Structure formats: structure tokens, C-alpha cells
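Reading through the C-alpha cells given below for one structure.
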Amino acid sequence: VIHSWHSSCQLQPLVNIQSAQVVNIESAPTVLSNGGFYLAPRSDTIFNVSSANGFEGQMTGDALGITVCLYAYSHLSFGDGSEFTELCANHYHWLREYAMGHREVRSILRAID
């Protein structure tokens, strides 16, 4: 479960992930030619995913990694306008650009929008 901290001082789930089997969560960064990167589970498992926007569907580990990283980059990009928040915004856009060519782009976009 990926959470977001809200001003009400409660953690709110953003993405719920379920799998029928134990998953090897080992991963290595995938570095993109445009300067971005993401992490994804190394697994052939198909994950059941539901997100805060109402999306419910299935994704491969690669698509799930892209989705979760897009959520993280997006949330980290809001803030004080520091170098860090700007870097997170850049990584969000680089990864989203990459995701547009992914075979599961429809599910990724539905999960994050």
C-alpha cells in the first residue's frame, strides 16, 4: 500500500496492491534514455491494483513499478519549490513520457489520472 500524508494527520492509501502469491520484491533501477528512472518488482506476477482515483485492474510488475514511481514523483514534486521538488517534477515528466510507449500505457494512465 502506498500512502499519502494529509493535513488531517492521517495516512491515506493511494495505491493498494494484491497478489495471490509471495512476490520477490528485488528490483534494480531501470534507467531511461531521457534521464529518468524507476524501480519495479522483478516478478512474472500479475498484480491486482486499485488506486485512490477509483481505478481497479491488473498490471505486470513493470507497469506497477512505473505507476507507483509516478505517484511518488508526483507527490514529492509538491512543496516549497526547492531543487528537490523540481527534480521530482522532472522525474515525473521523464517517466510519464517513457510510459506513453509502454504496452500497458492505458492501465498506467488510468491508475494515475
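If you count the sequence shown from 1, position 44 lands on 44 in this note's numbering, and the numbers rise without skipping. Built from N, CA and C at the ideal position, the CB exists for glycine as well. All figures in this text were calculated on a predicted structure; none of them were measured in a lab.
Residues of its chain near residue i, where Cβ-Cβ distance is below 6 Å and the 5 sequence neighbours each way are ignored
| i | result |
| --- | --- |
| Phe55 | Arg110, Ala111 |
| Ala28 | none |
| Thr85 | Ser77, Gly79 |
| Ile66 | Tyr38, Ala99, Ile108 |
Contacts around residue i, its chain only, beta-carbon distance under 7 Å, and the 5 residues preceding and following it disregarded
| i | result |
| --- | --- |
| Glu104 | Met59, Thr60, Ala63 |
| Asp113 | Asn53 |
| Gly101 | none |
| Thr30 | Phe37, Tyr38, Ala40 |
Assumed close pair residue i, residue j - CB separation to whole angstroms, cut-off 8 Å
| i | j | result |
| --- | --- | --- |
| Gly36 | Leu87 | Not quite, the Cβ-Cβ distance comes to about 11 Å (not below 8 Å), so this is no contact. |
| Gly57 | Val49 | 6 Å |
Sheet register partners of residue i (DSSP bridge)
| i | result |
| --- | --- |
| Glu86 | Looking at the DSSP assignment, Glu86 forms no beta bridge with any residue, so it has no partner. |
Beta-carbon spacing of residue i, residue j below 9 Å
| i | j | result |
| --- | --- | --- |
| Ser77 | Tyr92 | yes |
| Tyr71 | Ser51 | yes |
Sequence-distant residues of its chain with Cβ nearer than 8 Å to residue i (five each side left out)
| i | result |
| --- | --- |
| Ser82 | none |
Between the region 59-71 and the region 32-41, can you find at least three pairs of beta-carbon atoms closer than 8 Å? Yes, the region 32-41 is in contact with the region 59-71.
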